[in-house]
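Engineer:
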Amino acid sequence: MHQTTVAKIERGARPLRVAEATALAEVFEMPLMTVFGLDSPMAHTTNHDSRQRELEQARKRVDHSRDNLYSVAQQHAYLLAEVEKLILQMSGDNE
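So the sequence shown is residues 731 to 825, counted in the numbering used here.
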């Protein structure tokens with residue numbers, strides 16, 4: 731869509747075609763009716779609730795990942811200590 735076309739649509743000098751509205755809705759990831767200003771207040775509430783659920787799920791995934799990372803770090807430290815013990819034992823056996 732050319733800049734002059736957008737300017738004409740914004741001024742009201744040219745109507746927005748359905749295909750153009752559909753493309754805008756896809757680009758901005760919103761319902762087509764929102765582009766026409768026909769969304770109901772319930773749609774906004776539902777969208778907000780949906781985003782809130784997504785946020786909560788993301789927080790849970792972050793918490794789970796943090797717990798896994800901590801567990802792996804502990805296991806790594808333990809294994810490093812075991813390797814050091816083995817190296818010390820091997821060097822003691824060689825003397």
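Where a beta carbon is used, it is the ideal one built from N, C-alpha and C, also for glycine.
Helix, strand or coil for glycine 767 per DSSP?
Structural biologist: Of the three classes helix, strand and coil, the one that applies to glycine 767 here is coil, per DSSP.
Engineer: With leucine 762 and threonine 776 assumed to form a contact (beta carbons below 8 Å), what rounded beta-carbon distance in angstroms separates them?
Structural biologist: Contact flag wrong, Cβ pair sits at about 16 Å.
Engineer: Going by DSSP in three states, glycine 822 sits in which element: helix, strand or coil?
Structural biologist: helix
Engineer: With DSSP as the reference, label arginine 744 as helix, strand or coil.
Structural biologist: DSSP places arginine 744 in coil when its eight states are reduced to three.
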